[in-house]
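**Q** Sequential numbering of the sequence shown, starting at 8, is according to the numbering used here. Glycine included, C-beta positions come from ideal geometry on N, C-alpha and C. Please find one structure pasted underneath; my questions will follow.
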Amino acid sequence: MAADTQVSDTLKKFAANVTTASVKERKEICGALKLCTKGKELPEPAIKGLCKLFCLTPHRYKDAASRRELLSVISQLAETQPDVLVTSLLHSLLSSGVISKTGTP
Numbered sequence: 008m009a010a011d012t013q014v015s016d017t018l019k020k021f022a023a024n025v026t027t028a029s030v031k032e033r034k035e036i037c038g039a040l041k042l043c044t045k046g047k048e049l050p051e052p053a054i055k056g057l058c059k060l061f062c063l064t065p066h067r068y069k070d071a072a073s074r075r076e077l078l079s080v081i082s083q084l085a086e087t088q089p090d091v092l093v094t095s096l097l098h099s100l101l102s103s104g105v106i107s108k109t110g111t112p
C-alpha cells in the first residue's frame, strides 16, 4: 500500500513539474519516476497520462541532460509494458501533432 502511495505521489509530482525551467529539477523528477516505477506494472491510465506529459517536453527540453533522462524513463517503461506504452505514446504524439498543425493551443 505504501508503495502505491509513493508511485501516486511521484506521478503527481512529475505531472506538476514536468515543464519546469530548472534542469536540475527535471533530472530529479525523472530519476524519482524511474526509481518508483522500476519493475512495476503501472495501470494503463497512468501510462496514458505519462505519454501525454511526454508530448509537452520536446519544445521545452533544449538541453541534452533532460532529454537523456526522459528517454531513459521511456525506455524503462518500454521494457516493462511495451504494448501499452507504444499504443499510448503513438496516440499522444498523433494528437499533439494534429493540435500543433491546426494551431490550437
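(1) Verify whether the separation of the beta carbon atoms of Lys45 and Val14 is less than 8 Å.
(2) Going by DSSP in three states, Ala28 sits in which element: helix, strand or coil?
(3) Taking the alpha-carbon of Ser73 as reference, which of Lys19, Ser29, Lys20 and Ala23 has the nearest alpha-carbon?
(4) Quick one, which of Asp11, Lys19, Thr12 and Lys31 has its alpha-carbon nearest Asp2's?
(5) Per DSSP, what kind of secondary structure is His66 in: helix, strand or coil?
(6) Where does Gly104 fall in DSSP's three states?
**A** Here's the rundown:
(1) no
(2) coil
(3) Ser29
(4) Because residue 2 is not part of the residues shown, which for the chain are 8 to 112, the question remains open.
(5) coil
(6) helix
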